[in-house]
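Residue numbers for the sequence shown follow the working numbering, beginning at 17 and rising by one.
Don't be surprised by glycine CBs; every beta carbon is placed ideally from N, CA and C.
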Amino acid sequence: MKTGPAVEADIAVVGAGAAGLYAALCAARRHARVVLISATPLAQTASYWAQGGLAAALAPDDSFDLHLRDTELAGRVLVRRSAAEILVREAPDCVHDLQTLGVRFDADRFGQLALGLEGGHSVRRVVHAGGSATGRRVVRQLSALAVEEPHITVLEGARAQALWRDENRCRGLVCDDGRMIAARAVIIATGGAAALWARTTNPPGSQGIGLLLAHAAGAALADLELLQFHPTAVIGIPGREGFLVTEAIRGEGATLHDASGERFVDELAPRDEVSRAIQALLETTGQRSVGLDMRAVDPAHFPNVVAALRDAGLDPTRELIPVAPAAHYMMGGIVTDLDARSTLAGLYAVGESSCTGLHGANRLASNSLSECFVFARRAIEDALTIRSDEPLPAGADDLQELRGLPAQPLTQAATRDALWRDAGVVRSEEGLHRLLADPHPLARLIARCALTRAESRGAHLRAEYPERDPALDHRHVVVSGEDSLSWQTWN
Ligand SMILES: Cc1cc2nc3c(=O)[nH]c(=O)nc-3n(C[C@H](O)[C@H](O)[C@H](O)COP(=O)(O)OP(=O)(O)OC[C@H]3O[C@@H](n4cnc5c(N)ncnc54)[C@H](O)[C@@H]3O)c2cc1C
């Protein structure tokens, strides 16, 4: 790889979704010099597409304990309690901080934050903006601030290709055009990997690139078998395949129906339960979709969802919407501690690319945006304590190696089809073995982790092992070093 002279920064942030933007702004507020790089335009981040909102215990009938309990119940005995405790305690303050940054969340008629209800939540706790346009509103505001902020240099259209490390720590990164960024800390905020699956709710860029960068540089990954399937993605409508119909709509009374019009599942159960019930029905009937009836829901509360459905020729006020599960959220990722530190010094991971362990085996709806903000802030607080008297590396000669992506990655349609077929809602031993031969390095790691977890838990449903194995409670599959796999319990 040909490299140019290094740009210097205190903090390099890779990714400009909710996690990366907020991390950059937190660092800039502390007068750190930040370089923020983003491979795709704003509108192609998962954050921009987020509909429901952010979970935070703000209602008078809510509490940290209740939010923690719901998170743990959804997570199926795999939630790392210390991380979940941090989330529930710090999420309300992040909501307030976003308000001070100018994000305007929806309010009720008394001027209080309007809180939505979603599956797995025992009370209303989802803060939203523009009805179901939360991600768009938040990301637009944060990116406008980032562009104006003199401490932040934004490199749009720049793609991280390799991490720079010396013997001990991460020292920066290199972009695919050869630009080098030398930094005291690198924050990976590249989002999830659900777009590796053929049927997905995610933008095309969610391909786990940050996971591959971190892995190549020697940082540990974990829980790659734990990919959440969202129960209600639009199916069979050209141009809208995979479009997500937010859970908040079920929170307001939308119901799911089989071909004879009968309801068959508690629509507000956690996502793994609802997805499994739909999948089981589809397998027994041979149908492609079930019907989502949102005729009783006020369309004015979800203007962008209703408009998108109408654009696709569906009228949700008159007809049922055809939906089925689609790959949605990667619970696994780059292993981090409670300050978002990866196992490689100087390298942090925040947002969906990280694996804090707080989602366990099944993320509670709307906990991910909250996680982006809570852990981005913690990452910056920690990164700013890194000694600043060591010189930054001057060029590639100072560094042991550049640890990067294969020159020509990556995802072919065949890989996406293979992941959907072999690591979809139900995984068989035979399919996972087949996936081990896929050309995509992350697909192979996902298959290895999924084979290792010989049980069914949360989003991970193994045909041959339909039950949860209590011996694997609180046990995470960790990929480290030269692809070695081990079980770990995290405190
Ligand atoms: C349709 C949809 C609805 C959702 N609704 C909700 C919701 O209501 N509530 C909730 O909590 N969660 C929701 N989620 C999940 C949530 O939106 C994501 O988990 C979260 O936004 C991830 O944010 P992020 O900052 O980690 O990554 P992203 O927002 O995906 O941003 C990733 C960034 O990394 C950049 N990038 C990637 N690779 C590189 C590279 N090599 N070099 C440079 N840049 C790179 C991308 O360009 C992008 O800027 C939803 C997800 C989807 C898809």
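**Prompt:** Count the other CB atoms within 10 Å of the CB of P220; is the residue buried (16 or more) or exposed (fewer)?
**Reply:** Mapped onto the sequence shown, residue 220 falls at position 204. Per the 10 Å Cβ criterion, exposed.
**Message:** I need the DSSP call for H449, collapsed to helix, strand or coil.
**Reply:** For this step, residue 449 is matched to residue 433 along the sequence shown. If DSSP states are grouped into helix, strand and coil, H449 belongs with the helices.
**Request:** Work out the CA separation of A324 and L117 for me, nearest whole Å.
**Result:** Translated into positions along the sequence shown, residue 117 becomes position 101. Translated into positions along the sequence shown, residue 324 becomes position 308. C-alpha separation (whole angstroms): 29 angstroms.
**Prompt:** Who are the Cβ neighbours of R560 in its own chain at under 6 angstroms, not counting the five residues just before and after it?
**Reply:** Here the chain comprises residues numbered 17 to 507, so residue 560 is not present and cannot be evaluated.
**Message:** Taking 8 angstroms as the threshold (C-beta atoms), are L228 and P457 in contact?
**Reply:** Working through the sequence shown from its first residue, we reach residue 457 at position 441. Working through the sequence shown from its first residue, we reach residue 228 at position 212. For P457 and L228, yes; Cβs fall inside 8 angstroms.
**Message:** Can you tell me where the alpha helix (DSSP H) holding E397 begins and where it ends?
**Reply:** Taking the sequence shown and counting its residues from 1, the one referred to as residue 397 is at position 381. That run of the alpha helix (DSSP H) goes 383-399.
**Item:** Cβ-Cβ distance between A145 and D122 below 8 angstroms
**Value:** As a working mapping, residue 145 is identified with position 129 in the sequence shown. As a working mapping, residue 122 is identified with position 106 in the sequence shown. Taking 8 angstroms as the Cβ cut-off, A145 and D122 qualify as a contacting pair.
**Item:** alpha helix (DSSP H) runs contained entirely in the region 36-93, provided each spans 4 or more residues
**Value:** 62-65, 80-91
**Asked** What three-state label does DSSP hand R311 in the structure shown?
**Response** Within the sequence shown, the letter at position 295 stands for residue 311. Coil.
**Prompt:** Comparing alpha-carbon positions, which option in G69, A230, H246, A40 lies nearest R120?
**Reply:** Counting from 1 along the sequence shown, the entry for residue 120 is found at position 104. Among G69, A230, H246, A40, the Cα nearest to that of R120 belongs to G69.
**Beta bridge counterpart(s) of S276 as assigned by DSSP** = Working through the sequence shown from its first residue, we reach residue 276 at position 260. According to DSSP, S276 bridges with nothing at all.
**Prompt:** Around the C-beta of P247, are 16 or more other C-beta atoms found within 10 angstroms, so that it is buried, or is it exposed?
**Reply:** For this step, residue 247 is matched to residue 231 along the sequence shown. P247 should be labelled buried.
**Prompt:** Taking Cβ positions, are W506 and R96 nearer each other than 8 angstroms?
**Reply:** The count along the sequence shown starts at 1 and reaches residue 506 at position 490. The count along the sequence shown starts at 1 and reaches residue 96 at position 80. Yes, the pair counts as a contact, with Cβ atoms nearer than the cut-off.
**Prompt:** With distances taken between CB atoms, is the gap from A479 to A459 smaller than 8 angstroms?
**Reply:** Looking up residue 479 in the sequence shown gives position 463. Looking up residue 459 in the sequence shown gives position 443. Not a contact, by the Cβ cut-off of 8 angstroms.
**Request:** Rounded to whole angstroms, what's the CA-CA distance from R200 to D193? Just pull it up for me.
**Result:** On the sequence shown, position 184 is the one that residue 200 refers to. On the sequence shown, position 177 is the one that residue 193 refers to. As the crow flies, the alpha-carbon of R200 is around 21 angstroms from that of D193.
**Message:** Please determine whether the Cβ atom of I203 lies at a distance below 7 angstroms from any heavy atom of ligand 1.
**Reply:** Counting from one through the sequence shown, the residue named residue 203 turns up at place 187. It does not: the Cβ of I203 is nowhere closer than 7 angstroms to a heavy atom of ligand 1.
**Asked** What did DSSP end up calling E172 once you bin it into helix, strand or coil?
**Response** Start at 1 with the first residue of the sequence shown, and residue 172 comes out as number 156. Here DSSP, grouped into helix, strand and coil, assigns E172 to strand.
**Item:** Other residues of its chain near L354: CB distance less than 8 angstroms, five sequence neighbours each side excluded
**Value:** By one-based count along the sequence shown, residue 354 stands at place 338. So the list reads S98, A99, I102, T372, R394, once near-sequence residues are dropped.
**Prompt:** Within 10 angstroms of its Cβ, does N383 collect 16 or more other Cβ (buried), or is it exposed?
**Reply:** As a working note, residue 383 is residue 367 in the sequence shown. N383 is buried by the Cβ-count criterion.
**Message:** In this structure, how does DSSP classify S138 when only helix, strand and coil are distinguished?
**Reply:** On the sequence shown, position 122 is the one that residue 138 refers to. DSSP places S138 in coil when its eight states are reduced to three.
**Message:** Just verifying my parser: in three-state terms, what is the DSSP assignment at S159?
**Reply:** Counting from one through the sequence shown, the residue named residue 159 turns up at place 143. In the three-state reduction of the DSSP assignment, S159 falls in the helix class.
**Reference H344; option with closest CA among H137, A249, A75** = Walking along the sequence shown from the start, residue 344 turns up at place 328. Comparing Cα positions, the closest option is A249.
**Asked** With burial defined as no fewer than 16 other Cβ atoms inside 10 Å of the residue's Cβ, what is the status of T87: buried or exposed?
**Response** Position 71 of the sequence shown, counted from the first residue, corresponds to residue 87. Counting of Cβ neighbours within 10 angstroms places T87 among the buried residues, the total reaching 16 or more.
**Request:** Sort E263, V441, A365 by Cα distance to R140 and report the nearest one.
**Result:** Translated into positions along the sequence shown, residue 140 becomes position 124. Minimum Cα distance to R140 is reached at E263.
**Request:** May I have a chain-ordered list of the alpha helix (DSSP H) segments no shorter than 4 residues that lie completely inside the region 280-338?
**Result:** The qualifying runs are 287-301, 319-327.
**Asked** Is Y364 near ligand 1, with its Cβ less than 7 angstroms from a heavy atom?
**Response** As a first step, residue 364 must be located in the sequence shown, where it is residue number 348. Because no heavy atom of ligand 1 lies under 7 angstroms away, the Cβ of Y364 does not count as near it: no.
**Asked** Mapping DSSP to helix, strand and coil, what is L477?
**Response** Counting from 1 along the sequence shown, the entry for residue 477 is found at position 461. Reduced to three states, the DSSP call for L477 is coil.
**Message:** At the level of alpha carbons, what is the spacing between A513 and E445?
**Reply:** With the chain running from 17 to 507 in the structure shown, residue 513 is simply not present.
**Request:** Please work out which residues of its chain come closer than 8 angstroms, Cβ to Cβ, to E471, disregarding the five sequence neighbours upstream and downstream, and give them in chain order.
**Result:** As a first step, residue 471 must be located in the sequence shown, where it is residue number 455. Only R478, Y481, E483, R484, D485, L488 meet the Cβ criterion.
**Message:** Looking at the secondary structure, which residues open and close the alpha helix (DSSP H) in which A434 lies?
**Reply:** The count along the sequence shown starts at 1 and reaches residue 434 at position 418. Looking at the DSSP string, the run of the alpha helix (DSSP H) that includes A434 is 429-438.
**Prompt:** So is the beta-carbon of L74 under 7 angstroms away from any non-hydrogen atom of ligand 1?
**Reply:** Locating residue 74 in the sequence shown gives position 58, counting from the first residue. Remark: the C-beta of L74 is outside contact range of ligand 1, defined as less than 7 angstroms to any heavy atom.
**Asked** In whole angstroms, what separates the C-alpha of V163 from that of V142?
**Response** The count along the sequence shown starts at 1 and reaches residue 163 at position 147. The count along the sequence shown starts at 1 and reaches residue 142 at position 126. Near 28 angstroms, if we compare the C-alpha coordinates of V142 and V163.
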